[in-house]
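Visitor: The listed protein sequences correspond, in order, to chains A and B. Numbering (numbering that gives the first Met the number 0) for the first sequence: 0 to 470. Numbering (numbering that gives the first Met the number 0) for the second sequence: 0 to 156. In this text, a Cβ means the ideal position worked out from N, Cα and C, and glycines have one as well. Predicted model only: the values in this text are computed from it and were never measured.
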Amino acid sequence: MIFSSVFFLFVFLPIFLIAYHILPFVKVKNLVLLVFSLIFYAWGEPVYVILMLLNIAINFVSGLELESYIEMKQHAKARYACIFTVALNLLILGFYKYYGFVIENLNAVLPVDIPYRELALPIGISFYTFQTLSYVIDVYRGKTRAQHDPIAFGAYISMFPQLIAGPIVRYSDIEAQLRSRRVTLVKFGNGAMWFLRGLGKKVLIANNIGSIYEAVMLVDAPQRSVLTAWVGCFAYTMQIYFDFSGYSDMAIGLGKMLGFDFMKNFDYPYTSKSITEFWRRWHISLSSWFKEYVYIPLGGNRGGTAKTIRNLMIVWALTGLWHGAAWNFIFWGIYYGLIICLEKYVFQKYLDRLPGILRHIYTMVLVMIGWVLFFSPSLGSAMTYIGNLFGIGAKGLVDQTGFYFLRTSLVLGILSVLASTPVLYHRFSRLLHSRKRYKHVVYAMVYVGILLISVAYLVNDTYNPFLYFRF
Amino acid sequence: MRKFYPHLKILLTVLLIVFVISSLTGGAISSADMQTVAGQVVKGTKFEQMSPAENRIIKRFYGLNANDYESVVLYAPGDNMDVHELLLVKLKDLSQQKTVEDAVGKRLETQLNSFEGYGAEQVALLNKSVTIVKGNYIFFMVDEDAAKAQKAFLKSL
C-alpha cells in the first residue's frame with residue numbers, strides 16, 4: 000500500500016485515524032498503531048510480516064538483555080551481545096539485499112556457475128534495519144534505556160508513516176514520544192498540511208516530470224542528442240527530489256497527526272552551493288545515521304588527513320551500497336566520497352571565492368551526473384549516458400526530439416525548479432502570519448485544491464510507486 | 000527472567016534462520032542471457048525471420064520501460080489485424096514480477112476487447128495464449144506454435 004493511492008487516502012487512513020483518536024491512553028494508541036502498521040505492511044508483503052515480527056522480537060529481547068548486562072556491570076557480555084545482534088541484523092539485511100549480487104559477481108569471476116534463487120526485497124528493510132541498529136547500539140552505549148513494553152517497541156519499528164521509505168527515526172529521538180504524546184487540533188492540522196504538500200509533490204510534480212524522464216529513456220543511446228540527454232537528466236533530478244521529499248513530508252505529516260515529531264529529511268538540497276552542503280540537506284536522516292554510527296566510531300576526523308579520507312570513503316561506499324546491490328550504486332557512493340574529500344582538502348577555498356551562482360551551477364552539474372549513475376541500469380549504460388551529456392556518442396548537440404522534450408517539459412520544469420527552492424513556500428507561509436482576514440480561506444483553498452487535483456490524477460493513474468521503495 | 004534473555008534470543012534467532020531458509024524455496028534465477036533464450040524460443044516459428052520491436056513499442060503495448068529490466072524482447076504483430084506476438088522479459092529482481100504479469104494481463108485483455116465480436120480467429124488464438132513466469136524470466140506468446148516455443152523457453156533457462 001502506498002500513501003498516494005485512493006485506497007489509502009479514503010479507506011485505510013480514515014479508519015485508522017478514527018480508531019487511533021477515539022481510543023484512550025497512549026498504550027492503547029500504540030497498539031492500534033502497531034496493528035494498523037502490520038496490516039499496512041502485509042498489504043504488499045504478507046510473508047515478510049513474519050520477518051518483521053521476528054525482527055521486532057529479537058531486537059526487543061536483545062535490548063532487555065543488553066540492559067541487564069550493563070546493570071550487572073558485565074561489560075564484556077554486553078559487548079558480545081551487542082555485536083551478535085548488530086551482526087544478525089546486518090546479515091538479514093545483507094542476505095535479502097545483497098545475496099543475489101554477491102553470487103552474480105562470483106559467477107562472473109569464477110569458472111563455475113553457482114545456482115541461486117533471488118529473493119524479493121522486503122520493502123523498507125533498509126530503513127527499519129537501521130532503526131533497530133540505532134536502538135541496540137544506543138542501549139549498549141547507555142544513551143537510552145531499553146524499551147520494556149513490546150507493543151511500544153513494535154510500534155516504533157513497524158510505524159507505517161515512515162516504515163517503507165523513511166525518514167530513519169532513531170529510537171533515542173522518539174523514546175519519550177512513545178511514552179507520552181499529545182495531539183492538538185493545531186498539530187493535527189499542521190500534520191495534514193505537511194501530508195498534503197507531500198502528496199502534491201509526489202502526484203502533481205514527481206509523477207508528471209517522471210513521465211518526461213521515462214519518455215527520454217525510450218530514446219536509444221545513439222539517437223540521443225546532448226539536449227535530450229540533459230532534459231532527461233534534469234527530469235529525473237526533479238522527479239527523485241519531489242518523489243522522495245514528498246514521501247518524507249507525508250511521513251512527517253502523518254506523524255504529526257498521531258502526535259509524533261520526526262526529524263526533517265530534506266532542506267531544499269538543490270539550493271546548495273557545494274556537494275558537502277548538498278549532503279547536509281539531502282536525506283538528512285540517513286547522513287546523520289552514518290555520521291553517528293559509522294563515521295564517528297571509525298574515528299571521524301580525529302586521526303589526521305589520511306584517516307579522515309579513509310573514514311569518509313568507507314562511509315560513502317556504504318551509503319552507495321545501502322541504496323542498492325549494484326555496482327553503479329557503489330560507484331555513486333564513491334563518486335560523492337571523492338568529491339567531498341576534494342572539497343574538504345582542495346576545492347573549498349577556491350569554491351568560497353566563486354560567485355554564488357557559479358557554485359550553485361557547479362553543485363547541480365555534479366548532482367545531475369550523480370543521478371545518472373543512480374538511475375542507470377548498469378555502470379556501462381551510465382557511462383554511455385554521461386558520454387551523451389557531453390556529446391560523446393550523442394546524436395549531435397540538439398535535434399527535433401530534444402526540442403520536443405524541452406518544449407513539453409518547460410512549464411513543469413520551471414515550476415519544479417521554483418518549488419525546489421524555499422521562495423514559493425516562504426511567500427505562501429508569510430500569508431499565514433499576516434493580518435489579512437482572508438488568509439485562512441486562501442490556505443484552505445490551496446490545500447483542498449492540492450487534494451482534489453491529486454485525487455483526480457490518482458483516479459486516472461493508480462500505479463505510481465515511490466522510487467525509494469526499492470531501497 | 001533476566002537469565003532467560005540469551006536463551007530466548009537464541010530461540011528467536013533459530014526461528015529467524017528457519018524463516019530465511021524457507022524463503023529460499025522461491026523461483027530459481029537463471030543466468031542464461033536473453034539472446035540465447037530468445038534464439039531458442041523463436042527457432043522454427045514465424046518470429047525467426049522478424050526483427051524485435053523498439054522500446055517505444057514495448058512501452059505502447061505493455062506500458063513497460065525496457066530500461067527498467069535486465070532485458071526485454073518483443074516481437075509485435077505485423078499489422079492491426081494480426082495478434083501474433085511474443086514477449087520475453089528478464090527481470091532485474093523478483094519484485095518486478097507482478098508489474099510485468101499485470102502488464103501482460105492488461106495487454107491480453109485489451110487485445111481480447113479489440114477483437115471480440117468480429118475477429119473470431121484472433122479471439123481463439125488470444126484465448127490460447129501462453130504466459131509463463133519462471134524465476135527471473137517471463138514469457139508471453141500468442142501463436143499457433145506457442146506450446147513448442149514454451150518447451151524451448153523452459154529448456155533454455
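Give the straight-line distance between the Cα atoms of A119/B and M216/A, rounded to the nearest whole angstrom.
Guide: Counting from one through the second sequence, the residue named residue 119/B turns up at place 120. Counting from one through the first sequence, the residue named residue 216/A turns up at place 217. Straight-line Cα distance between these residues: approximately 38 Å.
Visitor: Near M312/A, what residues of its chain come up, given a Cβ to Cβ distance below 6 Å and the 5 sequence neighbours on each side ignored?
Guide: Against the first sequence, residue 312/A aligns to sequence position 313. Counting only Cβ-Cβ distances below 6 Å, and skipping sequence neighbours, we find G336.
Visitor: Straight-line CA distance for F328/A to F138/B?
Guide: Numbered from its first residue, the first sequence carries residue 328/A at position 329. Numbered from its first residue, the second sequence carries residue 138/B at position 139. Straight-line Cα distance between these residues: approximately 29 Å.
Visitor: Any beta carbon from chain A within less than 8 Å of Y4/B's own beta carbon?
Guide: Reading the second sequence from its first residue, position 5 is the one you call residue 4/B. Yes, its Cβ sits closer than 8 Å to a Cβ of chain A.
Visitor: Considering only C-alpha positions, which residue in the set I55/A, S375/A, G392/A and V85/A is nearest to Y139/A?
Guide: Working through the first sequence from its first residue, we reach residue 139/A at position 140. Answer by Cα proximity: V85/A.
Visitor: Within 8 Å (strictly less), CB to CB, does S67/A reach chain B?
Guide: Here residue 67/A corresponds to residue number 68 of the first sequence, with the count starting at 1. Interface residue, yes.
Visitor: Among V31/A, V440/A and I167/A, which one has its Cα closest to the Cα of F289/A?
Guide: The count along the first sequence starts at 1 and reaches residue 289/A at position 290. Nearest C-alpha to F289/A: I167/A.
Visitor: Quick one: what does DSSP say F139/B is sitting in, helix, strand or coil?
Guide: For the purposes of this step, residue 139/B is identified with residue 140 of the second sequence, where counting begins at 1. If DSSP states are grouped into helix, strand and coil, F139/B belongs with the strands.
Visitor: Hey, I338/A and G319/A: beta-carbon distance below 8 Å or not?
Guide: Residue 338/A sits at position 339 when you count from the first residue of the first sequence. Residue 319/A sits at position 320 when you count from the first residue of the first sequence. No, these two residues do not count as a Cβ contact at 8 Å.
Visitor: In terms of alpha-carbon separation, which member of I1/A, H74/A, A56/A and K72/A lies closest to I38/A?
Guide: Reading the first sequence from its first residue, position 39 is the one you call residue 38/A. Of the candidates I1/A, H74/A, A56/A and K72/A, the one whose C-alpha sits nearest the C-alpha of I38/A is I1/A.
Visitor: Can you list, in chain order, the residues of its chain with a C-beta nearer than 6 Å to that of V71/B? Leave out the 5 residues immediately preceding and following it.
Guide: Against the second sequence, residue 71/B aligns to sequence position 72. The residues are I57, A65 and V88.
Visitor: For the segment 390 to 404 of chain A against the segment 292 to 307 of chain A, are there 3 or more C-beta pairs whose distance is under 8 Å?
Guide: Not touching, per the Cβ criterion.
Visitor: Are V5/A and V454/A touching if we call contact CB-CB under 8 Å?
Guide: As a working mapping, residue 5/A is identified with position 6 in the first sequence. As a working mapping, residue 454/A is identified with position 455 in the first sequence. Yes, the Cβ-Cβ distance between V5/A and V454/A is below 8 Å.
Visitor: Given a cut-off of 8 Å, decide if Y136/B and L156/B are closer than it, judged by their beta-carbon atoms.
Guide: Here residue 156/B is taken as the residue at index 157 of the second sequence, counted from 1. Here residue 136/B is taken as the residue at index 137 of the second sequence, counted from 1. Contact: yes.
Visitor: Please state the DSSP three-state secondary structure of Y462/A.
Guide: On the first sequence, position 463 is the one that residue 462/A refers to. With a pLDDT of 46 at Y462/A, under the threshold of 50, the modelled position of this residue cannot be trusted; read the value that follows with caution. Looking at Y462/A - three-state DSSP - the assignment turns out to be coil, as it is neither helix nor strand.
Visitor: Got a sec: is the Cβ-Cβ distance from L73/B to anything in chain A below 8 Å?
Guide: Within the second sequence, numbered from 1, the residue matching residue 73/B stands at position 74. No, its Cβ sits nowhere closer than 8 Å to a Cβ of chain A.
Visitor: Quick check on S4/A: does DSSP put it in helix, strand or coil?
Guide: Working through the first sequence from its first residue, we reach residue 4/A at position 5. It is coil, neither helix nor strand.
Visitor: Buried or exposed: which applies to L372/A, given that a residue is buried once 16 or more other Cβ atoms fall within 10 Å of its Cβ?
Guide: For the purposes of this step, residue 372/A is identified with residue 373 of the first sequence, where counting begins at 1. Buried, because 16 or more other Cβ atoms sit within 10 Å of the Cβ of L372/A.
Visitor: Which residues in the same chain have their Cβ closer than 8 Å to the Cβ of H147/A, if we skip the five residues on either side of it in sequence?
Guide: Numbered from 1 along the first sequence, position 148 holds the residue referred to as residue 147/A. L63, listed in sequence order.
Visitor: Could you compute how far the alpha carbon of K348/A sits from the alpha carbon of I308/A?
Guide: Along the first sequence, read from residue 1 onward, the residue named residue 348/A stands at position 349. Along the first sequence, read from residue 1 onward, the residue named residue 308/A stands at position 309. So the alpha carbons of these two residues sit roughly 18 Å apart.
Visitor: If distances are taken between C-alpha atoms only, which option among N189/A, V111/A and V230/A comes closest to S402/A?
Guide: Here the question's residue 402/A lines up with position 403 in the first sequence. Per the sequence shown, the amino acid found at residue 402/A is Phe instead of Ser. Closest by alpha carbon: V230/A.
Visitor: Closer than 8 Å between beta carbons: that is the criterion. Which residues of the segment 209 to 233 of chain A meet it against chain B?
Guide: Listed by position along the chain: E213, M216, L217 and D219.
Visitor: Just the C-alpha distance for S286/A and P296/A, rounded to the nearest angstrom, thanks.
Guide: Taking the first residue of the first sequence as position 1, residue 286/A is located at position 287. Taking the first residue of the first sequence as position 1, residue 296/A is located at position 297. Spanning the two alpha carbons is a distance of roughly 14 Å.
Visitor: So I49/A contacts chain B; which residues on that side make the cut at Cβ distance below 7 Å?
Guide: Position 50 of the first sequence, counting from 1, holds the residue named residue 49/A. Neighbours of I49/A on chain B, chain order: F18.
Visitor: Ordered along the chain, which non-local residues of its own chain (more than five positions away) have a Cβ less than 8 Å from that of G369/A?
Guide: For the purposes of this step, residue 369/A is taken as the residue at position 370 of the first sequence. Cβ within range, chain order: W331, Y334 and Y335.
Visitor: Tell whether a beta-carbon distance below 8 Å holds between M256/A and F152/A.
Guide: To locate residue 256/A, count along the first sequence from 1; it is residue 257. To locate residue 152/A, count along the first sequence from 1; it is residue 153. For M256/A and F152/A, no; Cβs fall outside 8 Å.
Visitor: Give me, in chain order, the residues of the same chain whose beta-carbon lies closer than 6 Å to that of E143/B; leave out the 5 immediate sequence neighbours on both sides.
Guide: If you number the second sequence from 1, residue 143/B lands on position 144. Around E143/B: no qualifying Cβ.
Visitor: Around the C-beta of F46/B, are 16 or more other C-beta atoms found within 10 angstroms, so that it is buried, or is it exposed?
Guide: Taking the second sequence and counting its residues from 1, the one referred to as residue 46/B is at position 47. Buried, because 16 or more other Cβ atoms sit within 10 Å of the Cβ of F46/B.
Visitor: Which residue marks the beginning of the alpha helix (DSSP H) containing Y134/A, and which one marks its end?
Guide: Against the first sequence, residue 134/A aligns to sequence position 135. Its alpha helix (DSSP H) spans residues I124 to R140.
Visitor: Does the Cβ-Cβ distance between K96/A and L132/A come in under 8 Å?
Guide: For the purposes of this step, residue 96/A is identified with residue 97 of the first sequence, where counting begins at 1. For the purposes of this step, residue 132/A is identified with residue 133 of the first sequence, where counting begins at 1. Result no, Cβ atoms of K96/A and L132/A do not sit closer than 8 Å.
Visitor: If we require 3 or more residues per run, which beta strand (DSSP E) segments fall completely within the segment 76 to 136 of chain B?
Guide: 84 to 89 and 129 to 133, all fully within the segment 76 to 136 of chain B.
Visitor: Starting from Y74/B, trace the beta strand (DSSP E) both ways and give me its first and last residue.
Guide: Mapped onto the second sequence, residue 74/B falls at position 75. Note, Y74/B: beta strand (DSSP E), S70 to Y74.
Visitor: Spatial neighbours of T461/A within its chain, please: CB distance less than 7 Å, with the 5 preceding and 5 following residues excluded, ordered by chain position.
Guide: As a working note, residue 461/A is residue 462 in the first sequence. Interpretation of T461/A is limited by its pLDDT of 46, a score under 50 that renders its predicted location unreliable; no figure is taken from the coordinates.
Visitor: Go ahead and pull the three-state DSSP assignment for A31/B.
Guide: Numbered from its first residue, the second sequence carries residue 31/B at position 32. Note: A31/B maps to coil in three-state DSSP.
Visitor: Within 8 Å (strictly less), CB to CB, does P13/A reach chain B?
Guide: Along the first sequence, read from residue 1 onward, the residue named residue 13/A stands at position 14. Chain B, which has no Cβ nearer than 8 Å to the Cβ of P13/A, makes this no.
Visitor: Give a yes or no on contact between the segment 205 to 214 of chain A and the segment 227 to 247 of chain A, applying the rule of three or more CB pairs nearer than 8 Å.
Guide: Yes, the segment 205 to 214 of chain A is in contact with the segment 227 to 247 of chain A.
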